[in-house]
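Colleague: Residue numbers (the numbering used here): 116 to 619.
Have a look at this one.
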Ligand SMILES: N[C@@H](Cc1ccccc1)C(=O)O
C-alpha cells in the first residue's frame with residue numbers, strides 16, 4: 116500500500132540512498148530544503164524505522180584576529196629571527212635592542228616572539244644579547260598551518276601543531292556534530308515496493324498563506340500531540356531548600372518555635388557557653404573558620420562572669436573547673452559558627468527573646484561552617500537542624516522518643532543511638548540511620564542532655580535536651596543518593612536536582 120508522507124519526509128526518503136550515507140547538508144542541497152527541515156524530517160523517518168542516522172563529531176579550526184594578523188605579517192618569532200640573522204646574529208651575539216628595533220615588532224609582539232624563539236630553536240638570549248641558531252623559518256610548521264587554515268584547508272594538519280596554535284590563542288577549535296542519513300531495509304522496501312507519495316496536506320500556516328488567502332483552500336495535517344517536543348524546564352526550588360521547609364513544618368507541627376541569629380558570632384556563644392575549655396583541642400573540634408575582623412564589642416557582663424566561673428571552678432558543690440587559662444579576649448573573637456548551638460545558647464540565656472520558663476521547644480534549620488576535607492559526606496558548609504526542649508524532668512527516653520517521632524515523619528524508622536562525648540552534654544548520643552541504597556549506617560546527628568556547667572550559668576534550673584542533625588544526611592536517607600556533592604556546589608547533578616520530587 117502506498118505510504119503518504121509529509122512533503123519534507125517524502126523528499127528526504129526518496130533522495131536518501133541505502134548504499135551511501137548522505138549528510139544533512141548534502142540532502143538539503145539536493146532537495147532544496149533547509150538543513151533544519153531535513154534534520155526534522157530525518158528524525159521523523161528514523162522514528163518510523165525508514166532511515167538510520169549516524170552522528171560523528173567533526174572538529175574545525177578558525178583563525179582568531181591575532182592569527183589572521185600573523186598570516187599577513189608573519190609570526191613574531193619568525194620576524195625576530197629574520198631580523199637577527201640580518202643583523203649578523205648567526206655569527207656573533209647582537210644586542211636585543213638593535214634586533215628588536217630592526218624587526219619592526221611592537222611591544223606585545225616582542226613578548227610573543229621572545230616566548231617562542233627558544234622553544235623553536237631559533238635562538239637564545241644571554242645577558243641582553245641575542246644569538247641566532249641554524250634554523251629554517253620558511254619551514255615553520257605553525258606558520259604553514261596558519262596559512263593553510265587561512266586558505267580554508269585544514270585537512271592533514273598535525274594535531275600537535277593545532278594544539279599549540281590553540282594554546283597560543285591563534286586558532287579556535289570548534290566541534291560540531293555531523294549527521295548522515297541512510298535508508299534502512301524497511302526504507303528501501305517503502306520506496307521500492309510499497310511506494311511513497313507526498314501528502315497534499317499542509318503542516319503549518321505561513322504568513323504568505325494568510326496574505327494570499329491560500330489558507331482557505333489547503334487541507335491541514337492533523338496535529339500529532341504525541342510528537343517529541345523540546346523539553347522546557349522552569350526554575351524550581353532546590354530539594355535541599357524544599358526539605359528544609361518540610362523539616363520546619365514537621366517541627367512546628369511538633370510544637371517547636373524557630374530561632375535565628377548570626378552566622379558569624381563570638382566564640383563566647385559558639386564555644387565558651389558550651390563549656391569548651393579555651394585551650395582544649397575540642398575548641399578546634401570542627402576546625403571553625405576564624406574571621407579576621409574586630410572582636411565582638413558587647414558581651415553580657417554577668418553571663419561572662421558566670422561562664423568564666425564555670426570554666427575555672429565548675430558548677431555545684433562537687434564541681435571542678437578546667438584549671439586552664441580563660442580570657443574574655445578569646446571569648447570575643449569572631450568565627451563563622453561551626454554549629455547552631457550558638458543560637459541555642461543565645462535563646463537559653465534569655466538574651467534572644469527574654470527569660471524563658473519551662474516548658475519550651477525551639478529549633479533552627481540553618482547553615483554552619485566547618486573546615487572539613489571535601490568528600491562524599493563532607494562539605495565546608497551544611498545545614499544543621501538544631502533543636503532543644505526545656506522541661507522540669509527530662510530523660511534520655513524523651514530524647515529518643517523525639518527523634519523517633521521526628522524521623523518517622525520522613526519514613527525513617529531504623530534509627531540507632533551510640534554513646535558519645537561532647538564537652539557540653541552528658542549523656543551524649545550520636546544518631547545513625549540506614550542508607551536506603553548502600554544499607555550502611557551513616558551518622559545523622561549528635562545529641563545529649565546539657566550539663567549543669569552549661570545550664571546554670573545561663574540561668575536555667577530545669578533540664579534541657581538538645582541536638583544537632585545534618586539536613587544533608589536526612590536528604591541522603593530520604594532520596595538515597597550517596598554523594599553530597601551531587602546536591603551542592605559545582606559538581607552537582609543537575610538532572611537529579613531537576614527530577615527529584617520532594618516526598619511527603
Ligand atoms: N553541636 C553539636 C550538636 C549538638 C547540639 C546540642 C546538643 C548536643 C549536640 C554538633 O554540631 O555536632
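C-beta atoms are modelled at their ideal positions from N, C-alpha and C, and glycine is treated no differently.
Which residues in the same chain as residue 210 place their Cβ atom closer than 7 Å to its Cβ, once the five residues preceding and following it in sequence are excluded?
Modeller: As a position in the chain shown, residue 210 is number 95, starting the count at 1. 243, 244.
Colleague: For ligand 1, is there any heavy atom lying closer than 7 Å to the beta carbon of residue 561?
Modeller: Walking along the chain shown from the start, residue 561 turns up at place 446. Judged by the Cβ position, residue 561 qualifies as a neighbour of ligand 1 at the 7 Å threshold, a heavy atom of the ligand being closer than this.
Colleague: Quick check: the stretch 410-421 against the stretch 344-354, are there 3 or more CB pairs under 8 Å?
Modeller: no
Colleague: For residue 149, name the three-state secondary structure that DSSP assigns.
Modeller: As a first step, residue 149 must be located in the chain shown, where it is residue number 34. Of the three classes helix, strand and coil, the one that applies to residue 149 here is coil, per DSSP.
Colleague: Which of the three DSSP states is assigned to residue 535 in this structure?
Modeller: Within the chain shown, the letter at position 420 stands for residue 535. Looking at residue 535 - three-state DSSP - the assignment turns out to be strand.
Colleague: My assumption, with CB atoms under 8 Å, is that residue 454 sits in contact with residue 499. Please give the rounded CB distance.
Modeller: In the chain shown, counting from the first residue as 1, residue 454 sits at position 339. In the chain shown, counting from the first residue as 1, residue 499 sits at position 384. Indeed they touch by this definition, with Cβ atoms about 6 Å apart.
Colleague: Would you call residue 307 buried or exposed, if buried means 16 or more other Cβ atoms sit within 10 Å of its Cβ?
Modeller: Locating residue 307 in the chain shown gives position 192, counting from the first residue. Taking every protein chain shown into account, the CB of residue 307 has fewer than 16 other CB atoms within 10 angstroms, so this residue is exposed.
Colleague: DSSP three-state label for residue 590, please.
Modeller: What you label residue 590 is simply residue 475 of the chain shown in a count that begins at 1. Of the three classes helix, strand and coil, the one that applies to residue 590 here is helix, per DSSP.
Colleague: Is DSSP giving residue 513 helix, strand or coil here?
Modeller: Indexing the chain shown from 1 puts residue 513 at position 398. Residue 513 falls in the helix class under three-state DSSP.
Colleague: Ends of the beta strand (DSSP E) at residue 460?
Modeller: On the chain shown, position 345 is the one that residue 460 refers to. Careful: residue 460 lies outside any beta strand (DSSP E), inside the alpha helix (DSSP H) at 456-463.
Colleague: Do residue 589 and residue 532 have their CB atoms nearer than 8 Å?
Modeller: Within the chain shown, residue 589 is the residue found at index 474, counting from 1. Within the chain shown, residue 532 is the residue found at index 417, counting from 1. Taking 8 Å as the Cβ cut-off, residue 589 and residue 532 do not qualify as a contacting pair.
Colleague: Under the rule that 16 or more other beta-carbon atoms within 10 Å means buried, what is residue 474, buried or exposed?
Modeller: For this step, residue 474 is matched to residue 359 along the chain shown. Burial call: exposed.
Colleague: Quick test of your reading: residue 193 and residue 247, contact by CB under 8 Å. State the CB separation rounded to the nearest angstrom.
Modeller: If you number the chain shown from 1, residue 193 lands on position 78. If you number the chain shown from 1, residue 247 lands on position 132. That belief does not hold up - the Cβ atoms of residue 193 and residue 247 are roughly 12 Å apart, past 8 Å.
Colleague: Under a three-way DSSP split, which group does residue 241 fall into?
Modeller: What you label residue 241 is simply residue 126 of the chain shown in a count that begins at 1. Residue 241: strand per DSSP, three-state reduction.
Colleague: Throw me the rounded Cβ distance for the residue 484 and residue 451 pair, which I believe falls under 8 Å.
Modeller: Taking the first residue of the chain shown as position 1, residue 484 is located at position 369. Taking the first residue of the chain shown as position 1, residue 451 is located at position 336. The Cβ separation is near 4 Å, so the contact holds.
Colleague: Do you know whose CA, among 601, 145, 572, 136, lies nearest residue 390's CA?
Modeller: By 1-based counting over the chain shown, the position of residue 390 is 275. For the residues 601, 145, 572, 136, the minimum Cα distance to residue 390 belongs to 572.
Colleague: Using three-state DSSP, classify residue 207 as helix, strand or coil.
Modeller: The residue you call residue 207 lines up with position 92 of the chain shown. For residue 207, the secondary structure class from DSSP, reduced to helix, strand or coil, is coil.
Colleague: Pairs of beta-carbons, one from the stretch 456-474 and one from the stretch 372-384, closer than 8 Å: are there three or more?
Modeller: yes
Colleague: Based on the DSSP output, what are the partners of residue 500 in its beta bridges?
Modeller: Translated into the one-based positions of the chain shown, residue 500 becomes position 385. Residue 500 is bridged to 480, 584.
Colleague: For ligand 1, any of its heavy atoms closer than 7 Å to the Cβ of residue 620?
Modeller: Outside the shown range of the chain (116 to 619) lies residue 620, about which nothing can therefore be said.
Colleague: For ligand 1, I want to know if residue 376 counts as a neighbour, meaning its beta carbon is within less than 7 Å of at least one of the ligand's heavy atoms.
Modeller: Numbered from its first residue, the chain shown carries residue 376 at position 261. Residue 376 Cβ: outside cutoff for every heavy atom of ligand 1.
Colleague: Would you mind working out which of 238, 277, 388, 616 sits nearest residue 251, comparing C-alpha positions?
Modeller: What you label residue 251 is simply residue 136 of the chain shown in a count that begins at 1. With distances taken between Cα atoms, residue 251 lies closest to 238.
Colleague: How many angstroms separate the CA atom of residue 204 from the CA atom of residue 233?
Modeller: Working through the chain shown from its first residue, we reach residue 204 at position 89. Working through the chain shown from its first residue, we reach residue 233 at position 118. Taking the CA atoms as reference points, residue 204 sits about 14 Å from residue 233.
Colleague: Specify the secondary structure class of residue 403 as computed by DSSP and reduced to three states.
Modeller: Sequence index remark: in the chain shown, residue 403 carries index 288 (1-based). Collapsing the DSSP output to three states places residue 403 in coil.
Colleague: Quick one: Cα of residue 508 to Cα of residue 494, how far?
Modeller: For the purposes of this step, residue 508 is taken as the residue at position 393 of the chain shown. For the purposes of this step, residue 494 is taken as the residue at position 379 of the chain shown. Spanning the two alpha carbons is a distance of roughly 37 Å.
Colleague: Which same chain residues end up closer than 8 Å to residue 119 when comparing Cβ atoms and leaving out the 5 residues on each side of it in sequence?
Modeller: Within the chain shown, the letter at position 4 stands for residue 119. The beta carbon of residue 119 sits closer than 8 Å to those of 311, 312, 313, 314, all from its chain and outside the five residues before and after it, given in chain order.
Colleague: Could you name the residues that DSSP lists as bridge partners for residue 565?
Modeller: Looking up residue 565 in the chain shown gives position 450. The partner list for residue 565 (beta bridge, DSSP) reads 540.
Colleague: Run the proximity test for residue 548: is its beta-carbon closer than 7 Å to any non-hydrogen atom belonging to ligand 1?
Modeller: Position 433 of the chain shown, counted from the start, is the residue given in the question as residue 548. Result no, Cβ not under 7 Å from ligand 1.
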